[in-house]
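Residue 226 in the working numbering is what sits at position 203 of the sequence shown, and the numbering runs on without skipping anything. Using N, Cα and C, we set each Cβ at its ideal position, and we do this for glycine too. Keep in mind it's a predicted model, so treat the numbers as computed, not measured. Data block below; observations after.
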Amino acid sequence: MAQAIAQAVEGGAVSPAQEAILDNLPPLEALQGVEREVMEYDVLVVGGGPAGLAAAIRLKQRAAADGKDISVAVLEKSAEVGGHILSGAVIDPRALTELFPDWKAMGAPLETPVTEDRFMVLGPMGQVSLPMWALPPMMHNDGCYIASLANVCRWLGEQAEGLGVEVYPGMAASHVVWEEGTGRVKGVVAGVFGIDKHGAPTGDFQPGIELHGKYVFIAEGVRGSLAKTIMARHNLCDTAEPQKFGIGLKELWQVPPEKHRPGLAQHTTGWPLDENTGGGSFMYHFGDNYVAVGYVVHLNYKNPHLSPFDEFQRFKHHPAIAEHLEGGTRISYGARAITEGGFQSVPKLAFPGGALIGCSAGFVNVPRIKGSHNAMKTGMLAADAAYDAVVAGRAGDVLAEYQTAYEQSWVYQELKKVRNAKPYLSKFGTTLGGAVGVAEMWLSSFGLMMPWTMKHGKTDAVSTEPTAKHKPIAYPKPDGKLSFDKLSSVFISNTNHAEEQPAHLKLIDPSVPIRVNLPLYGEPARLYCPAGVYEVVYGDEAAKADPRFVINAQNCVHCKTCDIKDPSQNIVWTTPEGGGGPNYPNM
Numbered sequence: 024m025a026q027a028i029a030q031a032v033e034g035g036a037v038s039p040a041q042e043a044i045l046d047n048l049p050p051l052e053a054l055q056g057v058e059r060e061v062m063e064y065d066v067l068v069v070g071g072g073p074a075g076l077a078a079a080i081r082l083k084q085r086a087a088a089d090g091k092d093i094s095v096a097v098l099e100k101s102a103e104v105g106g107h108i109l110s111g112a113v114i115d116p117r118a119l120t121e122l123f124p125d126w127k128a129m130g131a132p133l134e135t136p137v138t139e140d141r142f143m144v145l146g147p148m149g150q151v152s153l154p155m156w157a158l159p160p161m162m163h164n165d166g167c168y169i170a171s172l173a174n175v176c177r178w179l180g181e182q183a184e185g186l187g188v189e190v191y192p193g194m195a196a197s198h199v200v201w202e203e204g205t206g207r208v209k210g211v212v213a214g215v216f217g218i219d220k221h222g223a224p225t226g227d228f229q230p231g232i233e234l235h236g237k238y239v240f241i242a243e244g245v246r247g248s249l250a251k252t253i254m255a256r257h258n259l260c261d262t263a264e265p266q267k268f269g270i271g272l273k274e275l276w277q278v279p280p281e282k283h284r285p286g287l288a289q290h291t292t293g294w295p296l297d298e299n300t301g302g303g304s305f306m307y308h309f310g311d312n313y314v315a316v317g318y319v320v321h322l323n324y325k326n327p328h329l330s331p332f333d334e335f336q337r338f339k340h341h342p343a344i345a346e347h348l349e350g351g352t353r354i355s356y357g358a359r360a361i362t363e364g365g366f367q368s369v370p371k372l373a374f375p376g377g378a379l380i381g382c383s384a385g386f387v388n389v390p391r392i393k394g395s396h397n398a399m400k401t402g403m404l405a406a407d408a409a410y411d412a413v414v415a416g417r418a419g420d421v422l423a424e425y426q427t428a429y430e431q432s433w434v435y436q437e438l439k440k441v442r443n444a445k446p447y448l449s450k451f452g453t454t455l456g457g458a459v460g461v462a463e464m465w466l467s468s469f470g471l472m473m474p475w476t477m478k479h480g481k482t483d484a485v486s487t488e489p490t491a492k493h494k495p496i497a498y499p500k501p502d503g504k505l506s507f508d509k510l511s512s513v514f515i516s517n518t519n520h521a522e523e524q525p526a527h528l529k530l531i532d533p534s535v536p537i538r539v540n541l542p543l544y545g546e547p548a549r550l551y552c553p554a555g556v557y558e559v560v561y562g563d564e565a566a567k568a569d570p571r572f573v574i575n576a577q578n579c580v581h582c583k584t585c586d587i588k589d590p591s592q593n594i595v596w597t598t599p600e601g602g603g604g605p606n607y608p609n610m
């Protein structure tokens with residue numbers, strides 16, 4: 024049992040209460056005492072997104088330039104690199120240009136430059152277009168490209184392999200390997216397969232491989248289970264504000280050629296959300312008559328009756344949106360959480376044995392609606408620090424140089440300029456908060472920085488209020504043309520999980536959903552989840568008697584909203600078997 028408790032944080036626990044869940048985590052029984060192959064690397068990267076791949080590439084570039092050899096491996100839980108990547112996306116190529124100055128000639132899939140920027144405030148049936156000259160320069164998309172970030176990552180993966188990086192897709196890192204006595208991160212366990220839903224090994228059981236690194240980069244993306252563990256174990260968030268999040272929902276449409284406007288980047292705020300609920304939309308025309316349309320809802324919303332998925336579906340019926348989609352075909356759907364805390368929520372970045380990079384730490388610029396350029400740059404900064412350390416003969420210490428490099432970087436300056444934008448929205452609402460934020464960004468564009476830094480104050484889970492304080496929201500039924508239901512949406516996300524594996528969504532206390540969340544909050548998991556994972560079913564439906572909480576883990580698109588928004592903080596997202604989850608094409 025002592026060994027089990029020592030491994031408790033492997034599933035992403037951030038407190039003793041969450042560590043208790045490990046007593047009921049079936050894989051531990053099957054994994055007790057097993058022997059594993061051990062593979063050693065100079066740098067091990069967990070996560071094949073923009074940050075992780077940029078870091079791996081930078082390491083190999085530095086080594087090649089110096090005529091040295093450095094071993095680098097990237098682990099990716101998706102069945103293929105890019106399969107779990109979801110973003111708008113309008114991409115600022117600044118970091119990519121630093122990594123590959125000739126990326127255009129190399130064929131990077133950034134093919135559609137932004138040629139038209141639009142920003143609108145929506146009402147129930149009308150809209151007001153804001154003149155772009157009234158918005159600060161950083162909210163413009165000059166020099167940016169509309170693209171599929173998933174495809175950009177696929178391309179980066181090819182470049183990494185071409186440079187000698189070992190890339191392992193379908194390898195979910197489920198456990199941190201700690202150095203006994205010191206707490207140093209030695210590596211991870213990845214590739215555990217063949218455990219049934221009762222925790223027993225099957226005939227296909229594989230205990231996984233233990234991969235060690237002189238330095239381990241955590242690049243899991245938003246709310247990764249290993250990042251949560253390491254941040255808690257090494258107190259990386261002690262001096263930071265609570266991280267804030269949004270949920271982003273996206274669909275990819277293919278529209279008739281006469282409706283396609285390649286290069287259009289359109290953003291909205293306002294309807295269907297109310298004044299005190301933050302969020303907004305994006306719509307980008309690019310590629311093969313593609314239209315990427317999406318909606319972001321800030322997860323500090325108060326009303327537990329709110330369903331981000333249904334807000335997105337009814338949003339598409341607004342005339343200013345529907346005109347772009349009517350006659351088109353929806354070809355893909357997905358959702359993911361977004362880090363929104365910004366400058367004041369960035370944790371300490373280095374820990375004994377490794378570093379947090381990209382969205383594992385949270386570098387999204389909320390007003391710009393961009394983060395991939397910052398993710399890539401932080402991966403490159405960490406790579407430089409690790410390369411210099413390895414060449415100097417160091418291993419397993421704290422890469423303080425990475426922290427220093429971040430604080431001297433353009434990423435730090437960019438986030439500092441917009442640090443108050445999100446808190447203003449939370450404090451003053453969409454209209455006033457947005458106006459104050461825009462004014463401050465204009466001042467910062469002239470080098471005038473406000474002397475204060477606003478605080479976030481509380482987590483998004485704590486923001487949820489009881490149902491007694493709010494009216495239910497009546498959402499229209501989907502019409503099957505512009506709006507759709509959750510299950511048909513999950514179907515086109517290509518989500519799949521091995522059915523016999525243990526559920527990767529863990530409840531600290533299985534009684535909480537019915538005993539606490541249902542009477543107080545109406546059990547909001549059934550609404551904030553964008554994939555129909557959570558249900559409350561009744562033995563007597565007519566009388567609403569004998570309720571039971573059901574987890575359909577096979578539907579999970581790995582957005583991790585439940586881990587963030589559950590008001591009781593009773594749900595812990597852990598990684599399922601490698602290769603499971605969505606597989607996003609062109610997203």
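By the neighbour-count criterion, in which a residue is buried when 16 or more other Cβ atoms sit within 10 angstroms of its Cβ, S248 is buried. Straight across, the Cα-Cα distance linking V245 with H347 is about 31 Å. The residues I537, V559, V560, Y561 and G562, in chain order, have a CB closer than 8 Å to that of R571 in the same chain once the five nearest residues on each side in sequence are set aside. If the five residues before and after K450 are omitted, its C-beta is found closer than 8 Å to the C-beta atoms of G456 and M477, all from its own chain and listed in chain order. Contact between L329 and L550 holds: CB atoms are separated by about 7 Å, below the 8 Å threshold. Annotation: E424 to Q436 spans about 17 Å, alpha carbon to alpha carbon. Sixteen is the threshold: since fewer than 16 other Cβ atoms of the shown chains lie within 10 Å of the Cβ of P489, the residue is exposed. Assigned with DSSP and collapsed to three states, D227 falls in strand. One thing to note: K509 has its Cβ within 9 Å of the Cβ of A554.
A residue is called buried once 16 or more other Cβ atoms fall within 10 Å of its Cβ, and N540 is buried on that count. Taking C-beta separations shorter than 6 Å and ignoring five residues to either side along the sequence, the partners of T300 in its chain run Y324, following chain order. Nearest C-alpha to N174 among F338, S110, E430 and V199: S110.
About 6 Å separates the Cβ atoms of L172 and S395, confirming a contact at the 8 Å cut-off. Taking S506 as the centre and dropping the five residues before and after it, the same chain places the C-beta of Q336, R337, K339 and H340 closer than 7 Å to its C-beta, in chain order. Under the 10 Å beta carbon count, M143 is surrounded by 16 or more other beta carbons and is classified as buried. Between F332 and S486, the C-beta spacing is not below 9 Å. The DSSP-derived three-state label of Q182 is helix. The three-state secondary structure of G71, taken from DSSP, is coil.
Closest in C-alpha terms to H107, from the list G204, K567, P590 and V580, comes V580. Here DSSP, grouped into helix, strand and coil, assigns V580 to coil. By alpha-carbon distance to G214, the top candidate from L98, K504 and V414 is L98. Residue state for S395 is assigned as helix, using DSSP reduced to three classes.
Secondary structure remark: continuous beta strand (DSSP E) runs of at least 3 residues inside the segment 487 to 571, in chain order: 528 to 530 and 557 to 563. In terms of CA proximity to G385, Q266 leads the group P160, G350, Q266 and G71. For the options D586, Q592 and A576, the alpha carbon positioned closest to that of P605 is the one of A576.
The Cβ-Cβ distance between D65 and L76 does not fall below 9 Å. Here F338 carries a helix assignment [DSSP, helix/strand/coil]. The residue from D502, K440, A96 and N164 with its alpha-carbon nearest to that of F305 is N164.
Straight across, the Cα-Cα distance linking D311 with I80 is about 29 Å.
Scanning its chain for C-beta atoms nearer than 6 Å, with the 5 sequence neighbours on each side dropped, one finds around W126 the residues L119, in chain order.
By the Cβ neighbour-count rule, T454 is exposed, with fewer than 16 other Cβ atoms within 10 Å of its own. With respect to S591, V535 sits close: the two C-beta atoms are nearer than 9 Å. The beta carbon of S383 sits closer than 7 Å to those of I241, A242, E243, G244, G247 and A250, all from its chain and outside the five residues before and after it, given in chain order.
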